[in-house]
Amino acid sequence: MEWKIKLPKLKFNLKNMKKDNYIIILLVGVLLIVIALPVSDNKDKEEKAGVESLTNNEEETQVLTYVDEQEKRLGEILSQVQGVGDVKVMITLKSSKELIVEKDTPTTSQTSLEEDAEGGKRNTTDKTTTEATVYEQDNNGDSSPYVVKELEPEIEGIIVIAKGGDDPVVAKNISEAVLALFHVEAHKIKVMKMN
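So for the sequence shown, the numbering used here puts the first residue at 26; every next one is plus one.
This is the structure in structure tokens:
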């Protein structure tokens, strides 16, 4: 019964409201909407940031695995060369792995010839080019960019430390082998003697 008593007191008449009251109610409504919107956006951003950090961690792991594999393979092959002996190899990278994705670039062209009353002519050509990434879907329905080519990380420099690294002939053979295997300039290869 208390509700029945209080309810008539809460009633208000829209016709008797003043302009200031309308503005206050409108501002309160807008404020509530503004407060509610960023909450959902923040959740989306946090989820995307989590996915991006996982992707970055996976990428770093792949790069480290690539470097470790190349160092191991180079060390194994160089240790087979006469006079080299035990070998340690260090490879530094200039860039990480790069993926080249397929792009769809449709171009439309429209030419119009206009003549005015005095006999003048004007030729107008409108050319529009748009670019969009091509996506492919996997079995789960997830879509990802269609990768056309994968470029391996670019190597910055290579250091080879070998037991026979003080012999000029051995050092030359090591440098030539590294030049043959990797696209690295000669001055970015350093051969040193191991302790």
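Don't be surprised by glycine CBs; every beta carbon is placed ideally from N, CA and C. Predicted model, so just to flag it, every value in this text is computed and none were measured.
Bounding residues of the beta strand (DSSP E) (the contiguous stretch that carries Val-209): What you label residue 209 is simply residue 184 of the sequence shown in a count that begins at 1. Note, Val-209: premise wrong, no beta strand (DSSP E); not H, not E.
Beta carbon of Thr-130 nearer than 8 Å to that of Glu-156: Numbered from its first residue, the sequence shown carries residue 130 at position 105. Numbered from its first residue, the sequence shown carries residue 156 at position 131. When the beta-carbon positions are compared, Thr-130 and Glu-156 come within less than 8 Å of each other.
Glu-101 (DSSP reduced to helix, strand or coil): Position 76 of the sequence shown, counted from the first residue, corresponds to residue 101. Note: Glu-101 maps to helix in three-state DSSP.
7 Å Cβ shell around Ala-196 - same chain, five flanking residues per side excluded: Start at 1 with the first residue of the sequence shown, and residue 196 comes out as number 171. So the list reads Gly-190, Val-216, once near-sequence residues are dropped.
C-alpha gap between Glu-140 and Lys-152, whole angstroms: The residue given as residue 140 occupies position 115 in the sequence shown. The residue given as residue 152 occupies position 127 in the sequence shown. Their Cα atoms are separated by approximately 21 Å.
Integer Cβ distance of Val-112 from Ser-104, believed to fall under 8 Å: As a working mapping, residue 112 is identified with position 87 in the sequence shown. As a working mapping, residue 104 is identified with position 79 in the sequence shown. About 5 Å separates the two Cβ atoms, so the contact holds.
Status (buried if at least 16 other CB within 10 Å, exposed otherwise) for Leu-51: Taking the first residue of the sequence shown as position 1, residue 51 is located at position 26. Counting Cβ neighbours within 10 Å, Leu-51 comes out exposed, since fewer than 16 surround it.
Segment contact, 8 Å Cβ cut-off, at least three pairs: the stretch 107 to 122 with the stretch 167 to 187: Yes, since at least three Cβ pairs between the stretch 107 to 122 and the stretch 167 to 187 fall closer than 8 Å, the two stretches touch.
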